[in-house]
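Counting in the working numbering, the sequence shown runs from 17 upward without gaps.
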Amino acid sequence: MSMSRIELAILTGLLFAAGVSQVEAQVLYGSLTGNVTDPSGAGVAAAHVEALNQGTNVKHDVTTDERGVYRFADLQPGPYTVTISAPSFQAFSETNVPVQANDVRRVDVQLQITSTSQKVEVSAEAVVLQTDKADVHTEISTTEVEQLPYNGTEGKNFQSLLLLQPGAVTTPGTGEANSAAGNPQRAITVFQNGVSSQANNTRIDGALNAYPWLPVNIAYVPSPEAIQTVAVSTNAYDAEQGMAGGAAVNVAIKTGTNDLHGSFFERNTNNSFDAINNVFTRPGRLSKNIQNQFGFTLGGPVWIPKIIHGRDKLFWFMSYESTRQVQFAGSPNLTLPTAAMRTGDFSATGVVVYDPLTGNSDGTGRTPFLNNMIPTSRISPAAATLTGLLPSLTRPNVFVNNYDAYGATSYTVDRYDWKANYNPNDKAMLWGRYSISPMDIVAPLVLGKAGGDAFNGGNPGHAGGRIQVAAIGLTYSASPNLLFDGNVGYTRQNIGANGDPLDGDFGSDVLHIPGTNGPGPDYAGIPAFQVAGIANIGNASTGSPFRFRDNQYTSTINVTHIRGAHNIRAGFEYDKAGLNHFQPQGGTFGTARGTFGFDGSLTALKGGTAINNAPPGSPLPSSPANSWAQFLLGFPSRAGKVTQVVDPIALRFSTWAFYVRDMWQVTPKLTFDYGLRWEYYPIYSHDHYGAVRFDPMTKFIYVGGENGVPEHAYASASKKGFGPRLGVAYRLTEKTVVRAGYGISTDPDNMRNQRNQYPSIVNQDYNPANTYQFISYAGVPNSDGSTRVSLADGIPAPTFPDITVGIIKPSSTASPTTYLPSTSTVTFPAYFNRGYYESWNFTVQHEFSPTLVAQLGYIGTHGVHIDMNVNINGAAPGAGTAGRQLNPYLTTDLNMVEPFGNMTYNALEATVRKRIGPSLLGVSYTFSKAIDNINGDNNDGTLWRTYPVSFTLDKQVAGFDRPHNFQFYYVYQLPFGKGHTWLNHGWTSWIVGNWELAGTLSRQSGLPFGVGTSSSLNAGGQSNSANQINPVVTILGGTDSSHPYFDGSAFANPPNGVLGSTGHYLGGLFGPGLFAWNATISRTFPFKEGKINFQLQGEAYNLTNTPVFSNPGTATGGVANCCWTTGANGAINYNGFGVITGTQSSPRYLVVAGYLRF
């Protein structure tokens, strides 16, 4: 904790100790406040103020204080009628006052003197100023949720609307992170104000909606038709909101009212509605793709004849949505070996293939195979069997991108919501909600019997399960000035996926590779074969199989006390999560079936032409000849297997939080809110034993709670998680508000990555001492009597640890009480001091008219000591395994989750909102820069350069940085027909009336990219990059494989074993930008005088069919390493480097939808 942070915490604590009390709107409920004055501007004391919920007729009453100020807290979101009366004054009533969750709505009234009984009545249809909160806050209304066009890969998802807010971005490949099996709700990743997507916090009706294992996602995505509003706070939020550093999102599910309301809907899209993107795709008939999303909502008062009459008291709401997709999916442009290469004939490739059994042990002095052909007798039987299962090429005369795969996939997810509200009297309100979402997903493998990756990036095979969410809440008003509220929630995620069970023990029984399959049926299937430059063979998914049975428990309790000019609120929150997993997983390589890697180094010459490259001057392009030849010979350059010792791995982690906050209305124009939040994240534990920790000092692995080892494994967690929150809102005029806010939020990382620790997981990972060398198994004899490992040798049997010993010590001899140098694990520091996020803003908001409000603000975020993976055993460049000097006993990577990350974000953010009757228009613009040292997403991320002397190159623009981000959205009812300005009667009124246009338009900068290298760094745990030899890199703007996007001659490969001069991303270099226009046209047919409405919609996504090009090939931001070469004829071979070979957007597609609402 920095000195400034301590001082702010002490200052805030002293203010509370002095009796200056605390604040405002609640996360789940809303607040209503205002000043009641007479014609002279003096406050009217003891005026009676009534707030009536227009949907449920629930009434709340207060009186103004001596200054004429009134306040309502814990109001259920919805439209209200505010009525104010006082002796000798005209009564006042305002209808349709919107009260939103986590917001303060202000209604100031100047009463007029009268001697007769009169009432002034108005209707609140305006865009309102944010007058009493200093956070950066947005409300997404029911109109926006229901009418705007937005879509994910599996239908409508409200999270798409978060990307319309300033400061929010996503990136290709992370928009819907993880496979459909692992993220069946297809939750969307959002980076908010430069902060990791893992630091967002989403709640439904105030109850935490988290996915503990994959925190970039949320556990449950409700149907848009079930959503009433979405409240989003993105900066300097108040003390009640915690466990977030990015966006704090609260979703309010609809409730029943005194009238029966509901809807029926159906949405359909199929391949007949899709356009063809001819930029990189050959024209042809589109594959089958049919998606339907349908369901209903219904709500009203509970009514059972002669038993229950629920009007004004008891209400119910339910919804059902089903999303179903059947697709003949494609996975184009895969690379497989040519027919000649499959037989060992590389004579046409131009790449020299060397015999690894010749020359010196370090890879020098090798001789090529005669005629560049491998004798049949030298081909591994296992490799030959797999080669025979490969499909024929769809483009047989090229070496790369020569195969297009197609297969049938299906996706079925249902969502059910039930909610009840009970108002026994005007002091209490009780509600409950239950949601369940069953699923069934099928994703076959792209290479058929030869395996390969799953279509659509899925988890191989069949996935199923269900997600359940339940919550209850209560509010109670002990008096008009003292209110209590609380809620508890429970989430159960029961999901899983497995490969094709018909494969059996393919590795051991068919390929005859020892040590692959087993023990048990969960380890069945085809082993993984990762051949550099070739599509994965076998089941290479490190997440397959998996079974999750995860539980979350959340609870909060709050008290609000209104005391004079102060609105004081304090509360407590306790959350607990439990992971119960079977998923043998060890990083990005090892699988439960065994994995073998072939990088091409064993059939290349050390000091010769780069691996998989043709010699300089060759007319032929690069091809994966060396790596495929190495596979045929059966000599892996990496081998491993992951075995789960404990089933299930049961991690438990919890969070404690306390807060107190005050909204102090200093004057009728000045509001000061301040608070203090404290969060504590104890050291995690397992279900039947405590924490597990590798200690870099002693080299011991401690198992907490076993044989005298403390439960926390000699570790402790910091209790300094204090987060002061300060904010000021000043109404400069009745139409201008100036706000400033500052807050600190503790990094909410849950340490989930400790799941894959040894001894819970035994991750065997064997690497060579240096590049170009064979791997070997210490103490294990090989099939040919040598020390080199081949597929015939397989993988040694693991030695399972004895957890009960408490301390597992290092040894060169395997035993249940020791571990080997090749053991791979993860760990965390003995003293875990969490980092934090600072956020601040200075914002000006102005009302140009009652229907037009604009806002301009400076937004800043600073992440200090953020949790991330740090490889504390990276090797020095050129030193190989022997260069792992930080923890020299271990020969593998050792990731420690520790507070090593830092980030900064500075932005100009602007918004404009305009209402035209029932229509609305909105604009948001962000000009920003995000910088961090995290290669990835917080504790999923790592340092790009892991050796200390190269840490300086880790600081870079963030991988999701988009300097310019413009969003425009609209819902516009055309001004024709009954009730409108023109053509409002007769038959023309029926024809031209009730038409609506809606849309979203996005224009964003491209994403940064870096330049990789094909040079060998020969440093375990290290990544390398190219040298920049020209300080100016010209953007050429090409968008196809024949015209480069940038000048690749500005870069060169560094020598082998030498770090390149560039970082992961190049500052100032961004890929192609994004333009997307989604549009809807709809016609509403009213019945029963508008009480029943049928809306027919046509939606067009990417209306202009504008391609969004992928980043150019650069290896770190694309698909190809540096650099350009010159052929014999003097022509430049781009080798895929610096050229664009794909798009990251879908071509235009249409959706037809119908909604019946009543």
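Glycine is no exception: its CB is placed at the ideal position from the N, C-alpha and C atoms.
Can you tell which of the options has its C-alpha closest to the C-alpha of residue i?
i     : options                 : result
G536  : V526, G520, I550        : G520
G869  : Q201, L936, T97         : Before going on, a small fix: residue 869 reads as Val here, not Gly. Closest option to V869, Cα to Cα, is L936.
F790  : V805, E695, F1067, N779 : V805
S393  : T359, P817, Y852        : T359
T130  : D54, R565, I1051        : D54
T762  : Q181, V462, G168, G262  : G262
G554  : D516, T380, W434        : D516
Q214  : V232, P228, D221, N225  : V232
L230  : P238, T245, S212        : S212
T1120 : D290, L164, V144        : D290
S734  : V886, I699, R327, G759  : I699
S1041 : A89, A551, Q983, T1078  : T1078
N387  : T158, T1055, V368, P182 : V368
R693  : G210, F174, M259, Y1165 : M259
P826  : P775, S966, R340        : P775
K465  : S792, I452, A421        : A421
Q1020 : T186, D148, D124        : T186
C1138 : P893, I1045, N769, L164 : I1045
D90   : T80, Q116, A107         : Q116
A196  : A470, G873, S495, T1100 : A470
Mapping the DSSP letters down to three states, classify residue i as helix, strand or coil.
i     : result
L518  : helix
L178  : helix
R850  : coil
D970  : helix
Y539  : helix
D525  : helix
N287  : helix
T1122 : coil
V462  : coil
E162  : helix
V821  : helix
Measuring only the C-alpha atoms, how far is residue i from residue j?
i     : j     : result
T611  : Y1117 : 41 angstroms
R961  : K657  : 26 angstroms
T546  : L649  : The sequence given here places Gln at residue 546; Thr does not occur at that position. When rounded, the distance between both Cα atoms is 14 angstroms.
H577  : R87   : 11 angstroms
A436  : D442  : 17 angstroms
L409  : N1043 : 36 angstroms
T839  : T833  : 13 angstroms
V342  : M455  : 14 angstroms
P114  : V661  : 55 angstroms
Q1160 : P348  : 14 angstroms
G1133 : V1027 : Low local confidence applies: a pLDDT of 46 at G1133 is under 50, so the model's placement there is unreliable, with the coordinate-based value given in what follows. The straight-line gap from Cα to Cα measures roughly 7 angstroms.
H76   : D501  : 16 angstroms
S1018 : F982  : 6 angstroms
Does the beta-carbon of residue i have 16 or more other beta-carbons within 10 angstroms, so that it is buried, or is it exposed?
i     : result
I1156 : buried
F1067 : buried
A1169 : buried
Y96   : buried
V682  : exposed
E82   : exposed
H153  : buried
Q128  : exposed
Give a yes or no on whether the minimum CB-CB distance between residue i and chain D is below 8 angstroms.
i    : result
A486 : In the structure shown, chain D does not exist; there is a single protein chain.
> With a cut-off of 8 angstroms, do at least 3 Cβ pairs link the region 573 to 590 to the region 506 to 519?
Replying inline: no
>> Would you call the region 398 to 405 in contact with the region 375 to 383, where contact means no fewer than 3 C-beta pairs closer than 8 angstroms?
In response: no
> Is there contact here, the region 473 to 490 with the region 525 to 533, by at least three beta-carbon pairs under 8 angstroms?
Replying inline: no
> Between the region 664 to 681 and the region 583 to 593, do three or more beta carbon pairs fall short of 8 angstroms?
Replying inline: yes
> Quick one: any contact between the region 1004 to 1012 and the region 855 to 863, if contact means 3 or more CB pairs under 8 angstroms?
Replying inline: no
> If you pair each beta-carbon of the region 1092 to 1110 with each one of the region 1053 to 1070, do three or more pairs fall below 8 angstroms?
Replying inline: no
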